[in-house]
Amino acid sequence: MKLFLDRPEVDDKIRHPALLAACQSGKTKVVAALLERDDMDVNFKDKYGDTPLIAAAEDGNIENVALLLANPATQVNAQGARQQTALAKAAQYDNLDVIRMLLEHGADTSILDKNGNSCLELALQDEQYQVAVVLVASGMTVRNIHFKDKLILEWVAPFLTHDVALRLLQLDFPVEKSESGVVSARDNHSFSWTTFLDSHVPVDPAVRVSVVSTMLRAGDDEWIRELATAKDQHGREALQTTDAATRDFLNGLRFFCGRYEIFDGPAIHVSSTAVVVHAYDHGVFQQVFDMHANADGELDKAGFIACGRVLGQQPSAADIKKQVGSAHEFDLWDKDQSGHLSATEYLRYCDQTFGGKLKVAMKFMRNADEHAREVETRNGLDIQFVLGLLPALPQPMFDANVGTLHLHGGVAMKQYPNVLVMPAADRSLEDIFLKERPNDNQIRSMLHEVAAALQHLHDHGVVHGDLKKLNILRVNHHMRVIDMDAATPIGNPIGAKFSSGSLPPEMFYRLQGDRDAAAIAAHWNDQVDANPELWAKVQPRHHYCVKTFHDVSASTTLPFKPVLASPAIDVWAFGVVMYQMYSGVELVPTDINQDVDESGIVRAATWTDADVAKRLNNKVSNALARDLIAKLLVVDPDDRISVAGILAHPYFEVKYDDASGQLLLDKLDALHVQVASGFQTVATRLDEVVFVTRETLKAVGDAKTDLMRGIFEATEVAFPTSFVVLPMDLTTPPLVDDDAEDVLRDVTSFVQKGIDMGHNFMHAVKQNKAIGRALRLVGPGEPLFLYLLDEVLGLPVVPPPGSVYPIRIETKSDEYTQFMSAAMPYLQTGFRLLQGVSTIAGLLSCLGLPSLDPRVIDDLGDQIDNAKKTSSVFDFDVLQRAVEDEGVPVQHIRGAALRELERFFKKYDHDKDYAGLCRTYASNGQALWTTPLTVATMEQSRPTSTAGLQQAKPIANTTGGKTAQQIYIDLLAQNEMMPEPPSLATVVVGGVPSMLPGGKARPDVDRPTCCGMM
1 MKLFLDRPEV DDKIRHPALL AACQSGKTKV VAALLERDDM DVNFKDKYGD TPLIAAAEDG
61 NIENVALLLA NPATQVNAQG ARQQTALAKA AQYDNLDVIR MLLEHGADTS ILDKNGNSCL
121 ELALQDEQYQ VAVVLVASGM TVRNIHFKDK LILEWVAPFL THDVALRLLQ LDFPVEKSES
181 GVVSARDNHS FSWTTFLDSH VPVDPAVRVS VVSTMLRAGD DEWIRELATA KDQHGREALQ
241 TTDAATRDFL NGLRFFCGRY EIFDGPAIHV SSTAVVVHAY DHGVFQQVFD MHANADGELD
301 KAGFIACGRV LGQQPSAADI KKQVGSAHEF DLWDKDQSGH LSATEYLRYC DQTFGGKLKV
361 AMKFMRNADE HAREVETRNG LDIQFVLGLL PALPQPMFDA NVGTLHLHGG VAMKQYPNVL
421 VMPAADRSLE DIFLKERPND NQIRSMLHEV AAALQHLHDH GVVHGDLKKL NILRVNHHMR
481 VIDMDAATPI GNPIGAKFSS GSLPPEMFYR LQGDRDAAAI AAHWNDQVDA NPELWAKVQP
541 RHHYCVKTFH DVSASTTLPF KPVLASPAID VWAFGVVMYQ MYSGVELVPT DINQDVDESG
601 IVRAATWTDA DVAKRLNNKV SNALARDLIA KLLVVDPDDR ISVAGILAHP YFEVKYDDAS
661 GQLLLDKLDA LHVQVASGFQ TVATRLDEVV FVTRETLKAV GDAKTDLMRG IFEATEVAFP
721 TSFVVLPMDL TTPPLVDDDA EDVLRDVTSF VQKGIDMGHN FMHAVKQNKA IGRALRLVGP
781 GEPLFLYLLD EVLGLPVVPP PGSVYPIRIE TKSDEYTQFM SAAMPYLQTG FRLLQGVSTI
841 AGLLSCLGLP SLDPRVIDDL GDQIDNAKKT SSVFDFDVLQ RAVEDEGVPV QHIRGAALRE
901 LERFFKKYDH DKDYAGLCRT YASNGQALWT TPLTVATMEQ SRPTSTAGLQ QAKPIANTTG
961 GKTAQQIYID LLAQNEMMPE PPSLATVVVG GVPSMLPGGK ARPDVDRPTC CGMM
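Position 750 of the sequence shown, counting from 1, maps to 750 under full-length UniProt numbering, and the rest follow consecutively.
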C-alpha cells in the first residue's frame, strides 16, 4: 500500500480517487496516509460532485472529518450532489458530532440545495429532530417557523433545550410591549407560546418551567398576566392547558405570595386602618389537607368532615345532616374503599366541588395591635356567630411580599402589612338594607342572629365594641359579626377603635375648658402629623369628644377616665342598627365611616330617654319593634336590657296558642271527614252507573295526556326540549393524565347532583326561598355545558368540534338563574331520559378514552340508573302547585318557560343547527328529536298513509258496531278525500295543520326539516 501511495499522480485527467474512496468506506488510516502526500487533492470531486469531506460527513466518521478539516486546503462549504454541503449531508444522516465539528470550522448554515432547502429543512424532512435543535442552537436563520402542517417547535419538542425554545418562541411571541411600556396582544401570531405550554406537547417539564421563568420574571404584572392567560387557537387559556408544575410556577408569579389571586378592580372596603379585597385562594385546599391528614399523609372520614367544616365555615357543633352529607361525599371519592383519601384524591375532590380555588376576603391592616386583637379575640369563639379566619400563609410571608403589592389604581399596600384571610361574604347588612329592602320577617330573622352572636360574645367575656351594619355580614345565608379589632374583654378600657355613630352617650365627654383641649391635644400629639385622618376622627368638636385613647398606659393625662367595656355598649349599638332598619334613617347623622358628623356630635352625647321615645314614636310604626328599641336605647347603661332579655322579648318570641291551635285542628279534622264522606258517597253512586275500571280511566287519562302533549309539541314547539347540562366540554380531548374511569365517575356523580338540584329547587320554591343556592352545581365561576338529547336513544349528543354545541353557560351570570329556573322541568326530564350503560359507552367513544372493564361500565351505568330512581316526576303541574297564585294556569307557566327556551336557542343557535337532530313523531303523535338515521328507520317501520291502515287486517269485532280503530280510519280517509274548506286558512307544515283555536291560521314558523318532516 505504501508503494501505491508513494506513486505520483501523473495524469490529471485520471486524478486518483483514493482519498474519496477511503472517506466513503471509513478507512481512517488510509485517509491519514493519503493526507500526508503533498500532491493529494483534498477537494477532489467524483462525477456527482461530492468531495472527500462530504463523503466523510455522510459516513459519520468523526476522525476522518477531523483529519480533513485539519488540512487548510479543505473547502468546508463545497457543494456536491444536489448542491448539498457536508453539513447538509450530516444533517440528513443524524451525524451530530460531525455537525458540531463542521459548525466549529465555519460551515455555512444558509447554503441551500438545488431544491431550495436549508440544512435545517433537510433534517426535518428526514425526521432528524435532534439535529434540527443543534442547528437552531447554532444561531442559523430560521426561515419559517412552520414545517408541513405544524410548528417546528412541535416537531422538535422532545429535544428542545432552554436556548432553542427561547429562540423559537421569540420568533412568534403572542404579546408585545411598546416603547411606553404598554403591553398588548398581537393578532398575527401562530400560537407558539400556548403550544409550548400545552401539556400534550412533549416538552421536558423542567425546560418548560425554565423557559417560562426566563420570559416572565423580568416582566411586570401586566406582562405576566397577558402571557399566563394567552389563549390558544381553540380559545383555551395557557393556564388551563399546561402541566401542573408550570401552572404552579405561573400562579406563583401571578398571585400575591404565589397563592392569592386578588380580584381586579377597586377594593371592597377602604378606611384609614384597613383595606379589604376579594381574592381566590389557590393554596388553601392543600393547607387544610395537611392540617387534618394523619401521620401517613392521608385523610380519614373524620378529617374529611373537619376540612369541609373549615372550608364551608360550618358551626363547630357540626350540623348532623351536614355531617351525613360529608360522609357520603367521602365514600364517593374513596374509590378504593380504603377509608382514606390521598392528597391527590382530595385535591381532585376540591377541584370538582370548589373549582380548584376558594373565594376569600383579604383584610390588609395598618396596625399590628389591631391585627393581633382580631386573631386573639377569635380564640374560643364559634364560627356560627363570628366570621372565622381561614388557614393562611405565615405573617412573615405577607411581610416579605406586601411591599411590592399594588392594587387597582396603583394603591400601594406597603402601609397595610398585616393580613387576615376570611371566607368571602355575600353582603353586609348595610348592603342588604339599602339594596334588598328586607321585609319585617326578614329583618327579624337577621336581627335574631345578630343578637345571638352578641350573646355568644358576652358569654365569653368579650364586648364587640364596634357593632354596625358594615360589620355584620351574610355568609352561607346566615349573619356573622366581623371586625374584632375593637373587641375588648369585659372590664377593660374600651374605645381605642370605634365608630362614633354607634356609641352610647356615656362614651362621649364634654370639655370643661381649654385645659381639657390641651390635654387631649398632648395625648394625640405624635399622631397629628403621622396620621392626620386619625386626628380628624378623634379631635374635639363643639366642645365634645369621644372617650378614646391610643395608649391606655398614657391615658392618665386625659381629662376623662376611659370607659370600661360592658355589654351595655353593644346593646346600644344593636339598638342603633335596629332603629335604622325600621325607620329608614340614622339615629344621628354620620359620615362615610359612620362617625357622627359636625352637626350630630352634640345630639349623640346628650340623648335623654324622652328624646329617644319621641323619635321612636315618630319613626317606628311596628309596636313590638318600637318597644324593644326603647329598651335598647336607654341613656343609663345600667337600665339597658341584656342580650338575654333581647332574645326573650316578644318581638322575637312568636308563640303558639295551644288552645286556639287545637280548636283549629279539630275544625279541620271535622271538615276533612265531611269532605271525605261526601266524595265517598258520590263515588259510590258513580260506581252504580259507570262500569269503567280504574285501569280504563287511567288509560284514557294517559291517552289524553299523550294526545294533547303530542299536538302541543307538533304545533307549538319548534325546538328540542330534552337536554342535560354537564360540567365538562366533551368535544375537547381529555388531559393525558386523566383516568378514563375517573372522568366517567365525575359524569355519573354529576347526574346525581343534577337530580338533587331538582329536589332543592322545588323545596326552595315551596318555601319561598331564593333559588341561587339550589342551582349551584359547580364551583364558583365554573361553567356548565348544555347537550341536547337524542330522545329515541336516550343519549347526549356530542357533535364534532366547531359546532355551537355544547352551549357554554356561565354560572355567575343572571342569565344562568333565569334559564335554569325556566328550563328546570325539561332539564329534570333530560336526566331521567339518560340510558345508563349506553350513556357510558357513548361517552367513552366521544372522549376517545380507552375501553374499560365491562364490569366497570355496568357499574357506572347502574349508578346513573339508580340516580334516576331517586328523581320524582317534575312537570309544570308540580311547579304550578307550588306557586302562591293558584289562579295562574299551567299553560301560562309552560308558555313562559318555552319563551325563555326559545330566546336561549335563538341567542346561541340562531342557525337552528340543534346538534344535527331533527324532529319526527311517535305513533302516538308525540314529537321526538333524534338523528336523521333513526328517523329513516322509524319511517320504514310504520304505515305511510291511511291507505295502509285500510289494507291492514281488520280486528275482529264481536259487537256489530264500529270500533274506535275503524272510526279513526274512516275519519282519516275522509280527510284525505275532502277538499279544505275555503273558510279555514290552514297552513300545513310537514303534514301537520297549523291551526289556531277558532279557525285562525297559525303563522308559519321555520322548523328544521328532516326526512320530509318538520
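Cβ atoms here follow ideal geometry from the backbone N, Cα and C, with glycine treated the same way.
A274 has M365 as its beta-bridge partners, per DSSP. Judged by beta-carbon spacing, G754 lies beyond the 8 angstroms limit of L730, meaning their Cβ atoms are not closer than that value.
The residue from V634, V635 and I629 with its alpha-carbon nearest to that of H649 is I629. D39 counts as exposed, since fewer than 16 other beta carbons sit within 10 angstroms of its beta carbon.
When only Cα atoms are considered, L833 and P796 end up about 10 angstroms apart.
Runs of the beta strand (DSSP E) lying entirely within the region 795-840 and spanning at least 3 residues, in chain order: 807-809.
Counting only runs of 4+ residues, the alpha helix (DSSP H) found wholly inside the region 109-177 occupies 119-125, 129-137, 152-155 and 162-170, in chain order. Listed in chain order, the alpha helix (DSSP H) elements of length 4 or more contained wholly in the region 499-542 are 514-523, 525-530 and 532-538. When secondary structure is reduced to three states using DSSP, S338 falls in the coil class, being assigned neither helix nor strand. T141 counts as exposed, since fewer than 16 other beta carbons sit within 10 angstroms of its beta carbon. Counting along the chain, the unbroken beta strand (DSSP E) around F785 starts and ends at L784 to D790.
Residue pairing by DSSP puts E237 in a beta bridge opposite K231. In the three-state reduction of the DSSP assignment, A279 falls in the strand class. Its chain contains Y280 and H282 as the residues whose beta carbon lies nearer than 6 angstroms to that of K357, once the 5 sequence neighbours on both sides are disregarded; these appear in chain order. Within the region 443-483, the complete beta strand (DSSP E) runs of at least 3 residues fall at 472-475 and 478-481. A Cβ-Cβ distance of about 6 angstroms is found for the pair L67 and L35, placing them in contact under the 8 angstroms criterion. Ranked by Cα distance from G830, the options G895, D756, M762 and T721 are led by T721. In the DSSP secondary-structure assignment, F723 is bridged to L788.
Secondary structure of H408 (DSSP, three-state): coil. Beta-bridge partners assigned by DSSP to M728: none are found. When only Cα atoms are considered, T344 and R236 end up about 24 angstroms apart. Of the residues A88, E104 and D50, the one whose Cα lies closest to the Cα of A70 is E104.
If you check the CB distance, K468 and S499 come in under 8 angstroms.
Spanning the alpha carbons of R773 and H763 requires a straight line of approximately 11 angstroms. Within the same chain, S184 and R186 come within 7 angstroms of E176 by CB-CB distance, once the 5 residues on both sides are set aside. For P532 against F549, the beta-carbon gap comes to about 18 angstroms, at or over 8 angstroms, which does not count as contact. When the alpha-carbon of V386 is set against those of L473, K335, F723 and P394, the nearest one is in L473.
Of all C-beta pairs linking the region 913-932 to the region 778-796, three or more are shorter than 8 angstroms, placing the two stretches in contact. Two segments are said to touch when three or more pairs of C-beta atoms, one from each, lie closer than 8 angstroms; by this definition the region 806-823 touches the region 898-908.
Burial state of K906 is exposed, judged by a 10 Å Cβ sphere holding fewer than 16 other Cβ atoms. Contact annotation: the region 565-575 touches the region 481-501, with at least three C-beta pairs closer than 8 angstroms. Secondary structure of E36 (DSSP, three-state): coil. Distance check between W524 and each of N95, P559 and E436 places P559 closest, using alpha-carbon atoms only.
As computed with DSSP, C545 is found in a beta bridge with Y509. When the Cα atoms are used, A137 and C918 turn out to be separated by approximately 57 angstroms. When DSSP reads this structure, A927 sits in a beta bridge with Y921.
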